[in-house]
């Protein structure tokens with residue numbers, strides 16, 4: 001069993017520091033089926049608009065993000081959860097005035113943490 005805190009995990013810096021990604025639980029911890037990641041987006045920052053073959057489970061820990069898909073834009077605030085189906089185009093945008101944080105759980109796929 002592993003018990004830790006996000007601040008003990010070294011962040012991966014993306015988009016010149018506008019986004020931080022921390023792999024909270026992954027293959028390095030012995031997780032064979034899922035990866036749990038924590039993203040932090042500065043105000044105005046966004047993930048790329050993209051798609052892939054696997055689903056996402058998202059939980060908004062802090063702030064307010066806009067979940068963008070091909071057909072709609074939905075606001076998700078602290079305490080909200082989001083399900084992104086496989087192959088669904090999507091993007092997350094921090095529309096708040098403070099850093100937004102969300103947990104993202106995906107299936108483990110080698111070289112995809």
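Residue numbers (UniProt numbering): 1 to 113.
Yeah, the Cβ is synthetic: ideal placement off N, Cα and C, and Gly gets one too.
- Going by DSSP, residue 62 is part of the beta strand (DSSP E) stretching over 56-62.
- In the three-state DSSP reduction, residue 37 falls in the strand class (E or B).
- Cβ-Cβ distances below 6 Å link residue 19 to 41 and 45 in the same chain, with the five nearest sequence neighbours on each side left out; the list follows chain order.
- Annotation: the continuous beta strand (DSSP E) that includes residue 82 extends over 81-84.
- By the neighbour-count criterion, in which a residue is buried when 16 or more other Cβ atoms sit within 10 angstroms of its Cβ, residue 3 is exposed.
- For residue 91, the uninterrupted beta strand (DSSP E) segment begins and ends at 90-94.
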